[in-house]
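Asks:
Residue numbers (this note's numbering): 986 to 1530.
In structure tokens form, the structure reads like this:
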């Protein structure tokens, strides 16, 4: 019988912010994520491999993120950013040496840490973040997932846009990593019935879903029609729920209960859905009960007014930022060790209880945004390393589990997402309705273009049509409505959406009537949004002839 396994899945994504502003919103998001998350994570994973610690991790790297991590200009500016962080820490260590020795020691800790990460970036990984992840995949420690090209919210897009998002996304992952992905991270875990057949056509064999969708709690709605979402089912335990018999596929081995510790084939496709375990995942990311809220951990939201470095602890979530206690590295490290042991014990206990109750092996899957670790939760990357050292022998990638124990049961997955209420409302609501109107208009404009196949391959009109496609993909990013809905950066999200819409419509105009004299303008549009260079409108079949 197949052994129990633990699947740690990390989803890595940032919106396309190359050259689109600096702090507090813009390209520094990438710089902060490289320094805070991706570099520390790579160092831990490569160290574990070098020490011959057996582990398996599944990591999603969205095509938009891959393009930016591989971009020369982004990498040049990242080195400027990390040099600046080292200098800030040096100045604080110098200035505080006599006035506040504890903070001076913490500043020196930051300086040494940033300097080591800079050396790792330059020397160990040769300035190639994407290559460092791909190297782990080639040696078997990591499975890399693809995603929709720009993290488009697929249930609300037209079929042609969904196909383009998936085709361009998968091709980009293959081009930049040299790997052929079979698994995908659906943006926002958002699913609608029928999507599994489109995934199957793209060569995808598995994706991840929220447990509530597997358990039948989601929404029924007509895609792209705001205001029609209603709950369809509720009830059931945390591990299983009854599925209506009239929704099951009679042509296959259908189940009447769903188990979140087992993958299932979805509807009538040969594509498996893997649910995240809600309790074990929530143990880490929950704002109320998750580990990152521990008093000893570093407070993310308070920075030094001059240097921007963080010198304070969480203390308590009810304590005002100005009253936070000093951060102590040794205390935080001790809590990370305790939390890693607690988590590992919980994984083993859950798997043991599942086998005792069902007599079947279980795959316990936890999914997290990569940027939680290191960036938001400073101690998180160290915690991950401890968990992998402990649970390494039972860790497995999603693809590895499916190869050893292919699913033979089918479920009708509910429509929805991992957003608030498991519905689409985080992205589709009165405040974002104008965006979805704009996306539909833009998709129709791109779809109406004369096929570039009949034009000279590198002619100015064909280039304009291809750039229109790229702008449409960027316009469809789920990040823009998310930023507007949450208010995290509403003005920035709206501004970026409008800018892509304007460039898209200009590209459509040029694709319809451009001449050789317009080549310079088209080149400038290509430089502004230099992404997905192989995307061709004609090859995706979006043109109308």
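The beta-carbon is built from N, C-alpha and C at its ideal position, and this holds for glycine as well.
What's the C-alpha gap between residue 1355 and residue 1364?
Replies: Position 370 of the chain shown, counted from the start, is the residue given in the question as residue 1355. Position 379 of the chain shown, counted from the start, is the residue given in the question as residue 1364. About 13 Å.
Asks: Note down the Cα distance separating residue 1447 from residue 1492, rounded to an integer number of angstroms.
Replies: What you label residue 1447 is simply residue 462 of the chain shown in a count that begins at 1. What you label residue 1492 is simply residue 507 of the chain shown in a count that begins at 1. Their Cα atoms are separated by approximately 10 Å.
Asks: When the Cα atoms are used, what is the spatial distance from residue 1477 to residue 1410?
Replies: If you number the chain shown from 1, residue 1477 lands on position 492. If you number the chain shown from 1, residue 1410 lands on position 425. So the alpha carbons of these two residues sit roughly 20 Å apart.
Asks: Determine which residues share a DSSP beta bridge with residue 966 and list them.
Replies: Only positions 986 to 1530 of the chain appear in the structure, and residue 966 is not among them; the question remains open.
Asks: Would DSSP call residue 994 helix, strand or coil?
Replies: Within the chain shown, numbered from 1, the residue matching residue 994 stands at position 9. Of the three classes helix, strand and coil, the one that applies to residue 994 here is strand, per DSSP.
Asks: Alpha carbon to alpha carbon, how far is residue 1135 from residue 1002? Give it in angstroms, no decimals.
Replies: Translated into positions along the chain shown, residue 1002 becomes position 17. Translated into positions along the chain shown, residue 1135 becomes position 150. One C-alpha to the other measures close to 11 Å.
Asks: Name the DSSP beta bridge partners of residue 1470, please?
Replies: Against the chain shown, residue 1470 aligns to sequence position 485. Partner(s): none; residue 1470 has no beta bridge.
Asks: Could you give the residue range of the alpha helix (DSSP H) that holds residue 1432?
Replies: Indexing the chain shown from 1 puts residue 1432 at position 447. Segment 1418-1432, the alpha helix (DSSP H) holding residue 1432.
Asks: Who pairs with residue 1130 in a beta bridge, going by DSSP?
Replies: In the chain shown, residue 1130 corresponds to position 145, counting from 1. In DSSP, residue 1130 forms a bridge with 1045.
Asks: Go ahead and pull the three-state DSSP assignment for residue 1352.
Replies: For the purposes of this step, residue 1352 is taken as the residue at position 367 of the chain shown. Residue state, collapsed to three classes: strand.
Asks: Specify whether the stretch 1042-1058 and the stretch 1378-1391 touch according to this definition: at least 3 beta carbon pairs, one from each stretch, less than 8 Å apart.
Replies: Touching, yes, given that three or more Cβ pairs across the two stretches are closer than 8 Å.
Asks: Between the stretch 1258-1270 and the stretch 1186-1195, can you find at least three pairs of beta-carbon atoms closer than 8 Å?
Replies: Counting Cβ pairs under 8 Å, three or more are found: they touch.
Asks: Between 1138, 1029, 1199, which has its C-alpha nearest residue 1121's C-alpha?
Replies: Within the chain shown, residue 1121 is the residue found at index 136, counting from 1. Answer by Cα proximity: 1029.
Asks: Output the boundary residues of the beta strand (DSSP E) element that contains residue 1183.
Replies: On the chain shown, position 198 is the one that residue 1183 refers to. Not the beta strand (DSSP E): residue 1183 falls in the alpha helix (DSSP H), residues 1180-1186.
Asks: Are the beta-carbon atoms of residue 1324 and residue 1170 separated by less than 7 Å?
Replies: Counting from 1 along the chain shown, the entry for residue 1324 is found at position 339. Counting from 1 along the chain shown, the entry for residue 1170 is found at position 185. No, the Cβ-Cβ distance between residue 1324 and residue 1170 is not below 7 Å.
Asks: Cα-Cα, which of 1264, 1076, 1295 is closest to residue 1309?
Replies: Taking the first residue of the chain shown as 1, we reach residue 1309 at position 324. Per the Cα distances, 1295.
Asks: Please classify residue 1259: does DSSP put it in a helix, a strand, or coil?
Replies: Residue 1259 sits at position 274 when you count from the first residue of the chain shown. Note: residue 1259 maps to strand in three-state DSSP.
Asks: Would you report the Cα separation of residue 1159 and residue 1090, rounded to the nearest angstrom?
Replies: Residue 1159 sits at position 174 when you count from the first residue of the chain shown. Residue 1090 sits at position 105 when you count from the first residue of the chain shown. Spanning the two alpha carbons is a distance of roughly 44 Å.
Asks: Given that a residue counts as buried once 16 or more other Cβ atoms are within 10 Å of its Cβ, and exposed if not, what is residue 1300?
Replies: Sequence index remark: in the chain shown, residue 1300 carries index 315 (1-based). So residue 1300 ends up on the buried side.
Asks: Would you call the CB atoms of residue 1377 and residue 1109 closer than 7 Å?
Replies: As a position in the chain shown, residue 1377 is number 392, starting the count at 1. As a position in the chain shown, residue 1109 is number 124, starting the count at 1. Not in contact: residue 1377 and residue 1109 (Cβ atoms no closer than 7 Å).
Asks: Please list the segments of the alpha helix (DSSP H) lying wholly inside the stretch 996-1067, counting only runs of 4 or more residues, in order along the chain.
Replies: Listed in chain order, they are 1013-1018, 1024-1035, 1048-1054.
Asks: To which residues does DSSP link residue 1380 through a beta bridge?
Replies: Here residue 1380 refers to the residue found at position 395 when the chain shown is read from its first residue. DSSP lists 991 as partners of residue 1380.
Asks: What do you reckon, are the CB atoms on residue 1095 and residue 1074 nearer than 7 Å?
Replies: Position 110 of the chain shown, counted from the start, is the residue given in the question as residue 1095. Position 89 of the chain shown, counted from the start, is the residue given in the question as residue 1074. Yes, the pair counts as a contact, with Cβ atoms nearer than the cut-off.
Asks: On the DSSP letters alone, give me the boundaries of the alpha helix (DSSP H) that residue 1404 sits inside.
Replies: Taking the first residue of the chain shown as 1, we reach residue 1404 at position 419. Here residue 1404 belongs to no alpha helix (DSSP H), and DSSP marks it neither H nor E.
Asks: Taking a contact to mean a Cβ-Cβ separation below 7 Å, would you say residue 1172 touches residue 1148 in this structure?
Replies: Counting from one through the chain shown, the residue named residue 1172 turns up at place 187. Counting from one through the chain shown, the residue named residue 1148 turns up at place 163. Not in contact: residue 1172 and residue 1148 (Cβ atoms no closer than 7 Å).
Asks: From which residue to which residue does the beta strand (DSSP E) around residue 1507 run?
Replies: Start at 1 with the first residue of the chain shown, and residue 1507 comes out as number 522. Residue 1507 -> not in any beta strand (DSSP E); alpha helix (DSSP H) instead, spanning 1504-1513.
Asks: Check this for me: beta carbons of residue 1468 and residue 1427, under 7 Å apart or not?
Replies: For the purposes of this step, residue 1468 is taken as the residue at position 483 of the chain shown. For the purposes of this step, residue 1427 is taken as the residue at position 442 of the chain shown. Cβ atoms of residue 1468 and residue 1427: not closer than 7 Å.
Asks: For residue 1168, list the residues DSSP reports as bridge partners.
Replies: Along the chain shown, read from residue 1 onward, the residue named residue 1168 stands at position 183. Its beta-bridge partners are 1191.
Asks: Over what stretch of residues does the alpha helix (DSSP H) that includes residue 1152 continue unbroken?
Replies: The sequence position of residue 1152 within the chain shown is 167, counting from 1. Residues 1144-1162.
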